[in-house]
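One structure is given here, and the rest of the page talks about it.
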Amino acid sequence: MADEVKLYEDGRSPYVSRVKLALHLKGVKYESVVEDLSNKSADLLKYNPVYKKVPVLVHNGNPISESLVIIEYIDNVWKGVPILPCDPYEKADARFWAKFIADTCNPAIYEVHRSYGNEQAVLEANEKLQILENKLRVSGQKFFGGDNINLVDIAAVYIAYWPEIVEEAKGIKFFTRDKFPKVSEWADNFLNCQVVQETLPPRAQLLAYFKKRHEARNKA
1 MADEVKLYED GRSPYVSRVK LALHLKGVKY ESVVEDLSNK SADLLKYNPV
51 YKKVPVLVHN GNPISESLVI IEYIDNVWKG VPILPCDPYE KADARFWAKF
101 IADTCNPAIY EVHRSYGNEQ AVLEANEKLQ ILENKLRVSG QKFFGGDNIN
151 LVDIAAVYIA YWPEIVEEAK GIKFFTRDKF PKVSEWADNF LNCQVVQETL
201 PPRAQLLAYF KKRHEARNKA
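In full-length UniProt numbering, the protein residues as written are 1 to 220.
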């Protein structure tokens, strides 16, 4: 009997893109269930009663929430391209950097965008992203995972794709190539991967969404 796999999602979410990328890397077939987050379905509330948000992966009736948790589950359940290293130290190191990106780098960039480039927010985001810049410079690797994408690269999908679009919509400029050349080079390599391109929301769709939010804010 084939596995039943459903992904409850909102296509604009970088957290959803993380999970889609993991599923595509493993070649897992799944049913996409698109949620209206302004009117959440009974199933979503049932499957994620704690946070009540996407993504949620439901595998043979069992729900798993939180994107990084879901990715590790996918890596453990399905064979194919490994997402986490096999070596215990390398695995722990990948988890550390994925958590650093999720808990520290992404929120710092969000704050720059939310505050429309507030000086203190920019200083803090620069500090966090410089850590990633230094890591890539020292390692000399194509990806955070080396020659291939791993958990850390997937965790950083927001950094690779979303800031340029959000900043165009809001008319600000923070994330620039001259400021973060190694991170920008990594983003180019990452976004040029076919499996990544298959899992990202269309740029035009995201840009229209963020422009609409920007316009609504200015009218408020």
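The beta-carbon is built from N, C-alpha and C at its ideal position, and this holds for glycine as well.
The structure displayed is predicted, hence computed values, not measured ones.
| Asked | Found |
| --- | --- |
| Beta carbon of residue 257 nearer than 9 angstroms to that of residue 132 | Missing from the structure shown is residue 257; the chain here goes from 1 to 220 and no further. |
| Residue from 28, 66, 29 with nearest C-alpha to residue 44 | 66 |
| Residue environment, residue 138, which counts as buried when at least 16 other CB atoms sit within 10 Å | exposed |
| Which of helix, strand or coil DSSP assigns to residue 4 | coil |
| Where residue 49 falls, given that 16 or more other Cβ within 10 Å makes a residue buried | exposed |
| Whole-angstrom C-beta distance between residue 17 and residue 157, which should lie under 8 angstroms | 5 angstroms |
| Buried versus exposed, by CB contacts within 10 Å (16 or more), residue 46 | exposed |
| Burial state of residue 106 (16 or more Cβ within 10 Å) | buried |
| For residue 151, three-class secondary structure by DSSP | helix |
| Other residues of its chain near residue 186: CB distance less than 6 angstroms, five sequence neighbours each side excluded | 136 |
| Residues near residue 182 by beta carbon distance below 7 angstroms, same chain, minus five either side | 133, 136, 137 |
| Residues of its chain near residue 60, where Cβ-Cβ distance is below 7 angstroms and the 5 sequence neighbours each way are ignored | 3, 4 |
| Residue 35 beta carbon less than 9 angstroms from that of residue 224 | The first residue shown for the chain is 1 and the last is 220, placing residue 224 beyond what the model contains. |
| Beta-ladder partner(s) of residue 146, from DSSP | 143 |
| Outcome for residue 115 when other beta-carbon atoms lying within 10 angstroms are tallied against a minimum of 16 | exposed |
| Where residue 198 falls, given that 16 or more other Cβ within 10 Å makes a residue buried | exposed |
| Backbone CA spacing between residue 144 and residue 20 [nearest angstrom] | 19 angstroms |
| When 39, 208, 148 are compared against residue 190, the one with the closest alpha-carbon | 148 |
| Pairwise C-alpha distance: residue 6 and residue 154 | 20 angstroms |
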